[in-house]
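Below is one structure; the comments refer to it alone.
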Amino acid sequence: MNCSINIDYYKDNSTYVAQSLLVYGVVHNYIVFFLGTFANSVVLWCISRCTKTNMAMKLLMMSVFASLLVICLITRPVMAERLIGNLYCDPTRPDMKVLLAFALLYSFCAQFELAAIAVVACAVWASNAYVLRLRVAVGAVVGIFIYSFLTAVFLLGALMVGYFKDPATEDVINGVYFFLNTLVPIATTMSCYVAMIIAMRRNGRRMAKVQSSHSRIVNNATRGMIAVFASNLLFGVPHSVYHMLPRPPQSYGIIFHVLFSTHFVVDPIVFMYFNHSYRRRVGERLWAAWVWAVGMCGAPTPKTPTPLTASTTTSSGGKDTLHRQHQHAEQNV
308 MNCSINIDYY
318 KDNSTYVAQS
328 LLVYGVVHNY
338 IVFFLGTFAN
348 SVVLWCISRC
358 TKTNMAMKLL
368 MMSVFASLLV
378 ICLITRPVMA
388 ERLIGNLYCD
398 PTRPDMKVLL
408 AFALLYSFCA
418 QFELAAIAVV
428 ACAVWASNAY
438 VLRLRVAVGA
448 VVGIFIYSFL
458 TAVFLLGALM
468 VGYFKDPATE
478 DVINGVYFFL
488 NTLVPIATTM
498 SCYVAMIIAM
508 RRNGRRMAKV
518 QSSHSRIVNN
528 ATRGMIAVFA
538 SNLLFGVPHS
548 VYHMLPRPPQ
558 SYGIIFHVLF
568 STHFVVDPIV
578 FMYFNHSYRR
588 RVGERLWAAW
598 VWAVGMCGAP
608 TPKTPTPLTA
618 STTTSSGGKD
628 TLHRQHQHAE
638 QNV
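The sequence shown: position 34 = 341 (the numbering used here), numbered continuously.
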């Protein structure tokens, strides 16, 4: 479709965006809407049902995926509507005030997620020396919420409504905003995990002799969060670099935002995959759903795979033993 409306933010760049790119952006937003909502809901269910992690760490980890759930469930359909409006030359689809509100909500949740990941990394890094208390976790989440809200509204919001008239000032504010809310949390998270890896290597012999259930649970949670952090590095850094460019074309915006929004789905998937207990729990539920579906169709009941049989036996027969093994760990993780 040849659209005559200039949908570029800046007059000195290309005027049109390819129709195929707009269509792909719309489809991708709806894919993230469906898959991201499902995957993040499953992760939140896994964390809430876990009996081996104390409430403080649960709160921090759930804050990461709750923000992703809000992004996938609420903001992705609106962003798809925006691209559809561009596709059909309708600048009022959706209304600009609605678009501004949802764009701020999206930015708030995205930076909240990065900051929460950094806080989780700091908490795991300090878990061997300090016990994470619930009030500390609540204070951290509230602090992240206030900081993300203020920066999203008063920095990014001011840029969106055109409060700064000087283009040079806009570029500076834009660079500062994305530096503080993307690169700084990423650098903090990386520093904590690198410090943990170095400490674990230095104390490898001692830790091998004292392999407690606490260390196993910490490693299990750390493995999943490191996978989430790697996903953010892969998909988030190019997005941050794009936003610090002085005058990027609109087509670049669609490409980099499609790349960035992919991690809203990848994050919960890699977190479940690299966390063995969550992966087993989800596998058991999926297998039960498959058996139910097969039974509804009148087919013979399929044989349960060996790993699922073993995990089911462990969870039922050894429940009391596992509870005693991890009772101390629940106070520390």
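All C-beta atoms, glycine included, are put in the ideal place defined by N, C-alpha and C.
Computed from a prediction, not measured in an experiment: that's the story for all the values here.
Practice prompt. Starting from residue 574, trace the alpha helix (DSSP H) both ways and give me its first and last residue.
Written response: Counting from one through the sequence shown, the residue named residue 574 turns up at place 267. Where residue 574 is concerned, the enclosing alpha helix (DSSP H) stretches over 570-581.
Discussion item. Please report the distance separating the alpha-carbon of residue 417 from that of residue 332.
Written reply: Within the sequence shown, numbered from 1, the residue matching residue 417 stands at position 110. Within the sequence shown, numbered from 1, the residue matching residue 332 stands at position 25. So the alpha carbons of these two residues sit roughly 18 Å apart.
Item to complete: Please report the residue range of the alpha helix (DSSP H) in which residue 381 lies.
Response: Counting from 1 along the sequence shown, the entry for residue 381 is found at position 74. Where residue 381 is concerned, there is no enclosing alpha helix (DSSP H), given that its DSSP letter is neither H nor E.
Worksheet item: Would you call residue 621 buried or exposed, if buried means 16 or more other Cβ atoms sit within 10 Å of its Cβ?
Response: Taking the first residue of the sequence shown as 1, we reach residue 621 at position 314. The predicted position of residue 621 is uncertain, since its pLDDT is 43 and thus under 50; a value taken from the coordinates is nonetheless stated next. Exposed, by the Cβ-count rule.
Item to complete: Within the same chain, show all residues whose beta-carbon is closer than 8 Å to that of residue 321, passing over the 5 residues directly before and after it, in chain order.
Response: Counting from 1 along the sequence shown, the entry for residue 321 is found at position 14. Its pLDDT being 47, under 50, residue 321 is placed unreliably by the model, and the measurement read from it follows with that caveat. These residues qualify, in order along the chain: 315, 556, 557 and 558.
Worksheet item: Out of 480, 499, 529 and 454, which has the shortest C-alpha to C-alpha gap to residue 552?
Response: Stepping through the sequence shown from its first residue, residue 552 is reached at position 245. Checked all of 480, 499, 529 and 454; the closest Cα to residue 552 is 480.
Worksheet item: Does the ligand FAD have even one heavy atom less than 8 Å from the beta-carbon of residue 580?
Response: As far as ligands go, the structure on display features none, and thus does not contain the ligand FAD.
Worksheet item: I think residue 421 touches residue 489, with their Cβ atoms under 8 Å apart; what is that distance to the nearest whole Å?
Response: In the sequence shown, residue 421 corresponds to position 114, counting from 1. In the sequence shown, residue 489 corresponds to position 182, counting from 1. Residue 421 to residue 489, Cβ: 6 Å. Contact.
Worksheet item: Which same chain residues, not among the five before or five after residue 425, have their C-beta less than 6 Å away from its C-beta?
Response: Walking along the sequence shown from the start, residue 425 turns up at place 118. Only 492, 495 and 496 meet the Cβ criterion.
Worksheet item: Taking residue 351 as the reference, which of 376, 561, 562 and 399 has the closest Cα?
Response: Your numbering for residue 351 matches position 44 in the sequence shown. Comparing Cα-Cα distances from residue 351 to each of 376, 561, 562 and 399, the minimum goes to 376.
Worksheet item: Helix, strand or coil: which one does DSSP assign to residue 365?
Response: As a position in the sequence shown, residue 365 is number 58, starting the count at 1. Correct three-state label for residue 365: helix.
Worksheet entry | Pair within 9 Å by beta-carbon distance, residue 411 and residue 329 | What you label residue 411 is simply residue 104 of the sequence shown in a count that begins at 1. What you label residue 329 is simply residue 22 of the sequence shown in a count that begins at 1. Contact flag unset, no.
Discussion item. Tell me the DSSP secondary structure of residue 402 in three-state form.
Written reply: Residue 402 sits at position 95 when you count from the first residue of the sequence shown. Residue state, collapsed to three classes: coil.
Item to complete: Return the CA-CA distance between residue 575 and residue 505, expressed in angstroms with no decimal places.
Response: As a first step, residue 575 must be located in the sequence shown, where it is residue number 268. As a first step, residue 505 must be located in the sequence shown, where it is residue number 198. Residue 575 and residue 505: Cα-Cα distance of roughly 26 Å.
Practice prompt. From the DSSP output, in three-state form, read off residue 437 for me.
Written response: What you label residue 437 is simply residue 130 of the sequence shown in a count that begins at 1. Coil, per DSSP.
Worksheet item: In the structure shown, what three-state DSSP assignment does residue 471 receive?
Response: Here residue 471 refers to the residue found at position 164 when the sequence shown is read from its first residue. Residue 471: coil per DSSP, three-state reduction.
Practice prompt. Between the Cα of residue 560 and those of 571, 570, 572 and 547, spot the shortest distance and give me the residue it belongs to.
Written response: The residue you call residue 560 lines up with position 253 of the sequence shown. The candidate whose alpha carbon is nearest that of residue 560 is 547.
Fill in: Three-way DSSP call (helix, strand, coil) for residue 331 in this model
Residue mapping note: residue 331 aligns to position 24 of the sequence shown, counting from 1. Three-state result, residue 331: helix.
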